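With this note's numbering, letter number 35 in the sequence shown gets 50, and the count goes up by one each step, no holes. Please read the structure below before turning to the comments.
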Amino acid sequence: MPTYKRPESVLVVIYTPRLDILLLERADFPGYWQSVTGSLEPDETPPQAAQRELFEESGLVAARDGQLRDAHHQVTYTIYERWRYRYPPGTTHNTEHLFTFLVPAPRAVTLSPREHLQSLWLPWADAAEKVFSSSNRDAILRLSNENP
């Protein structure tokens, strides 16, 4: 029996005080850029998933490298058709919990080559244009409005 993803995830927007945003290019879809994201494991809370995904996708440790904040914001969106096979049959929507991670300045990160090809830091407006996901774009815009 296949192991399906839980239709609940986290999005972690990594940023600096100047609102430079870290983006990662997906390995499975080159040219698609995003913030740190990932599905919750069974029995995992959103804050636990945010810490785990932050480390797995960037090598950053929440308690050591910056400030992880639960934005207490979530969106439910339609799962892209190309990725629905990863979820239980009939699952069409995912609930995404937003977190932000403030670091003092842009820095090198350690990517998981299985998940990402490269990273880059961009000013928030450029990052919002580059991400492929509307929820990721909205999260970056939300962050820019909270930190003018």
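We put the CB at the ideal spot given by N, CA and C, even for glycine. Just so we're clear, the structure is a prediction, and the values are computed from it rather than from any experiment.
Please confirm whether residue i and residue j have their CB atoms less than 9 Å apart.
i	j	result
Leu-26	Ser-149	no
What does residue i pair with, by DSSP beta-bridge criteria?
i	result
Glu-40	Trp-48
Tyr-92	Asn-109
Glu-23	Thr-110
Arg-84	Thr-115
Gly-53	Val-25
Val-146	Trp-48
So, helix, strand or coil for residue i, using DSSP?
i	result
Ser-247	Outside the modelled stretch of the chain, which goes from 16 to 163, sits residue 247, for which no answer is possible.
Asp-58	coil
Leu-34	coil
Leu-158	helix
Leu-69	helix
Arg-101	helix
Among the residues of its own chain, which have a CB less than 8 Å from the CB of residue i, if the five just before and after it don't count?
i	result
Ser-24	Thr-52, Gly-53, Ser-54, Leu-55, Ala-64, Asn-109, Thr-110, Glu-111 and His-112
I'd like the list of long-range same chain contacts for residue i, defined as Cβ closer than 6 Å, with 5 residues on each side in sequence excluded.
i	result
Trp-136	Asp-35, Leu-37 and Pro-121
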